[in-house]
Amino acid sequence: MRWQHKNPITDFVSNFFDPEYNDFFDKRTRDPSANIIEKSEGFELEIAAPGLKKEDFNINLENSILTISSELADEKNEEGKNYTRKEFYYGSFSRSFTLPKSIDTDKIKADYIHGILKIDLPKRDQAQLETRKEIKIS
Numbered sequence: 714m715r716w717q718h719k720n721p722i723t724d725f726v727s728n729f730f731d732p733e734y735n736d737f738f739d740k741r742t743r744d745p746s747a748n749i750i751e752k753s754e755g756f757e758l759e760i761a762a763p764g765l766k767k768e769d770f771n772i773n774l775e776n777s778i779l780t781i782s783s784e785l786a787d788e789k790n791e792e793g794k795n796y797t798r799k800e801f802y803y804g805s806f807s808r809s810f811t812l813p814k815s816i817d818t819d820k821i822k823a824d825y826i827h828g829i830l831k832i833d834l835p836k837r838d839q840a841q842l843e844t845r846k847e848i849k850i851s
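Here the sequence shown stands for residues 714 to 851, numbered as in the numbering used here.
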């Protein structure tokens, strides 16, 4: 019996291009990445969604749940290109976030600039005044 030495780098590269082995990039699991930044006056929610237009987004608020979605078909069919891997995805997605009660829902604003959807979630005036304090145990 002959022992065959396997090179982990060669195996990785071979498997990386094997679509049956590597389903990590399966487009059914793709949701855009999000950042949430807290500021004194509120929160800023950023959604990375390059390649879309502002008209492609639906932003809804119901029962303190903010839902950002896009209902696009992945229709970027390019004639004459023979892809060995196609990871750019322009299909549908939906992300939901539960908003804290301190958000003034009447003042929520959204902008889409350079592939980033930015949603400003301002705090209510009273929430801005509240500061963190330590509670003593008696």
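We put the CB at the ideal spot given by N, CA and C, even for glycine.
Distance CB(residue i)-CB(residue j) smaller than 8 Å
i: GLU764; j: LYS836; result: In the sequence on display, residue 764 carries Gly and not Glu. Against a cut-off of 8 Å, the Cβ pair of LYS836 and GLY764 comes out as no contact.
i: TYR825; j: LYS767; result: yes
i: ALA823; j: ILE772; result: yes
i: ASP744; j: ARG808; result: yes
i: ILE850; j: ASP833; result: no
Residues near residue i in its chain [Cβ-Cβ closer than 6 Å; skip 5 each side]
i: THR742; result: Note that THR742 has pLDDT 48, beneath the 50 cutoff, so the model's placement of it is unreliable and no number is given.
i: LEU812; result: SER777 and LEU779
CB-CB length for residue i against residue j, believed under 8 Å
i: PHE806; j: SER782; result: 6 Å
i: LEU774; j: THR818; result: 6 Å
For residue i, the first and last residue of its enclosing beta strand (DSSP E)
i: THR797; result: Counting along the chain, THR797 falls outside any beta strand (DSSP E), and DSSP gives it neither H nor E.
i: ARG808; result: 806 to 811
i: GLY828; result: Per DSSP, GLY828 belongs to no beta strand (DSSP E) and is neither H nor E.
i: ASN776; result: Element bounds for ASN776: n/a, residue is neither H nor E.
i: GLU757; result: 755 to 761
i: GLU768; result: Note, GLU768: premise wrong, no beta strand (DSSP E); not H, not E.
i: ILE749; result: 747 to 752
Neighbourhood of residue i by C-beta, 7 Å cutoff - its chain only, sequence neighbours within 5 removed
i: ALA747; result: LEU758, GLU759, ILE760 and ARG808
i: GLU792; result: none
**Request:** Please confirm if the region 823 to 831 is in contact with the region 749 to 761, defined as three or more CB-CB distances below 8 Å between the two stretches.
**Result:** A contact is defined here as three or more CB-CB pairs under 8 Å, and the region 823 to 831 meets this definition with respect to the region 749 to 761.
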